[in-house]
Amino acid sequence: MPLETKTTDGTAETKKNSKPNTVQGFIREIVELVVVTLVLLIVIRWALAEARYIPSSSMEPTLQINDRLLVEKVSGHLGKKIQRGDILVFYPPPIELGGQDLKNDPLTVLGRLTGLPFLPYEPAFIKRTIGLPGDHIRIQHGVGVYINGQLLDESNYTKEKPNYDLNVLGDIGGRSTDGGVIQPYRAKELNEPIIVPPGHLFMMGDNRNNSEDSHVWGFLDQKRVVGRACLLFWRHLAPPPYPQILDE
Numbered sequence: 000m001p002l003e004t005k006t007t008d009g010t011a012e013t014k015k016n017s018k019p020n021t022v023q024g025f026i027r028e029i030v031e032l033v034v035v036t037l038v039l040l041i042v043i044r045w046a047l048a049e050a051r052y053i054p055s056s057s058m059e060p061t062l063q064i065n066d067r068l069l070v071e072k073v074s075g076h077l078g079k080k081i082q083r084g085d086i087l088v089f090y091p092p093p094i095e096l097g098g099q100d101l102k103n104d105p106l107t108v109l110g111r112l113t114g115l116p117f118l119p120y121e122p123a124f125i126k127r128t129i130g131l132p133g134d135h136i137r138i139q140h141g142v143g144v145y146i147n148g149q150l151l152d153e154s155n156y157t158k159e160k161p162n163y164d165l166n167v168l169g170d171i172g173g174r175s176t177d178g179g180v181i182q183p184y185r186a187k188e189l190n191e192p193i194i195v196p197p198g199h200l201f202m203m204g205d206n207r208n209n210s211e212d213s214h215v216w217g218f219l220d221q222k223r224v225v226g227r228a229c230l231l232f233w234r235h236l237a238p239p240p241y242p243q244i245l246d247e
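Numbering that gives the first Met the number 0 puts the first residue of the sequence shown at 0, with every later residue one more than the last.
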């Protein structure tokens, strides 16, 4: 209800209830706060780093299920090249997603950018970089991984020997089923190496015989890399006394 007050000259002045303006101002402040928070989340996750947890045993013993780690993005933005041995978080190739690529509807994109748990999200993998562009790779059952003819020393992060040879994906005109260029299928029969194409990587889990990785789905396009795992800040059931740098 409008209120009447007396002015200095004795005339009546009507003072309107300010409650609607107060409510509108409150709503506006909430909206502004939400927008600023989302923008900050997006900037931090895109430019600096994001936290991830380990959902599977494919990187054991290096990373355990439910470990928490920090994935940094700065080195990628600065043009630092990926090195052999880097542990990367990435979106798997379409062949591992049932032939579908990443979704681009607004909610999924917002979930990908912000990491908010109540929004749709797409699974990301974490594996170790084994092969770089141009590398010749061969995997020998019970022996290990050969890079450019040399047996790779992996004693720092895995004790397992692969219980498989490298199975090249079915070849169609020199291309794997996910579009990656590969050497003809005869490479498997002749025990010849495959060659990592430009702009791609060969990724493997440290838990060699329990990992869906490049020996199953082929090469990884570097454009699908999210970032490099750099800091283990929580070990499930056995938290380390200090954060562990992942620099093996």
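Even glycine gets a Cβ: it sits at the ideal position worked out from N, Cα and C.
Discussion item. Please give me, in chain order, every unbroken run of the alpha helix (DSSP H) with length at least 4 that falls completely inside the stretch 17 to 104.
Written reply: DSSP runs (the alpha helix (DSSP H)) wholly in the stretch 17 to 104: 18 to 42, 73 to 76.
Worksheet item: Quick one: what's got a C-beta closer than 8 Å to Ile146's C-beta in the same chain, skipping five residues either side?
Response: Arg83, Ile129, Gly130, Asp134, His135, Ile136
Discussion item. Any contact between the stretch 87 to 94 and the stretch 207 to 223? By contact I mean 3 or more CB pairs, one from each, below 8 Å.
Written reply: yes
Worksheet item: So, are the CB atoms of Leu109 and Leu96 less than 8 Å apart?
Response: In this structure, Leu96 does not lie closer than 8 Å to Leu109 by Cβ.
Worksheet item: What is the residue span of the beta strand (DSSP E) that Val215 lies within?
Response: It is not in any beta strand (DSSP E) - Val215 instead sits in the alpha helix (DSSP H) that spans 213 to 216.
Worksheet item: Is it buried or exposed for Thr61, if we count other Cβ within 10 angstroms and need 16 for buried?
Response: buried
Fill in: Own chain partners of Phe232 with C-beta closer than 7 Å, once the 5 adjacent residues on each side are dropped
Arg67, Leu68, Leu69, Pro242
Worksheet item: With 16 as the cutoff for other CB atoms within 10 Å, does Ser57 come out buried or exposed?
Response: buried
Worksheet item: Short check: CB of Pro161 to CB of Gly148, under 8 Å?
Response: no
Worksheet item: Where does Thr157 fall in DSSP's three states?
Response: coil
Item to complete: Let me know if Thr36 comes out buried or exposed under the rule of 16 or more other beta-carbons within 10 Å of its beta-carbon.
Response: exposed
Item to complete: Flag this pair as yes or no: are the beta carbons of Thr113 and Arg44 separated by less than 8 Å?
Response: In this structure, Arg44 lies closer than 8 Å to Thr113 by Cβ.
Worksheet item: Using DSSP with H/G/I as helix, E/B as strand and the rest coil, what is Gly143?
Response: strand
Worksheet item: Among Lys80, Lys72, Arg127, Glu31, which one has its Cα closest to the Cα of Gly198?
Response: Lys80
Fill in: Buried or exposed (CB count within 10 angstroms, at least 16 for buried), Gly204
The residue in question, Gly204, is buried, as its Cβ has 16 or more Cβ neighbours within 10 Å.
Discussion item. Is the separation between the beta-carbon of Leu47 and that of Val73 shorter than 8 Å?
Written reply: yes
Worksheet item: How many whole angstroms separate the CB atoms of Lys34 and Gly226, which I take to be in contact at a CB cut-off of 8 Å?
Response: This sequence places Val at residue 34; Lys is not what is there. The Cβ separation is near 25 Å, so there is no contact.
Discussion item. With distance defined between alpha-carbon atoms, name the residue in Ile41, Ile86, Leu77, Val42 nearest to Glu59.
Written reply: Of all alpha-carbon atoms in Ile41, Ile86, Leu77, Val42, the one lying nearest the alpha-carbon of Glu59 is that of Ile86.
Practice prompt. Taking only the alpha-carbon atoms, compute the straight-line gap between Gln23 and Ile29 and give it to the nearest angstrom.
Written response: 10 Å
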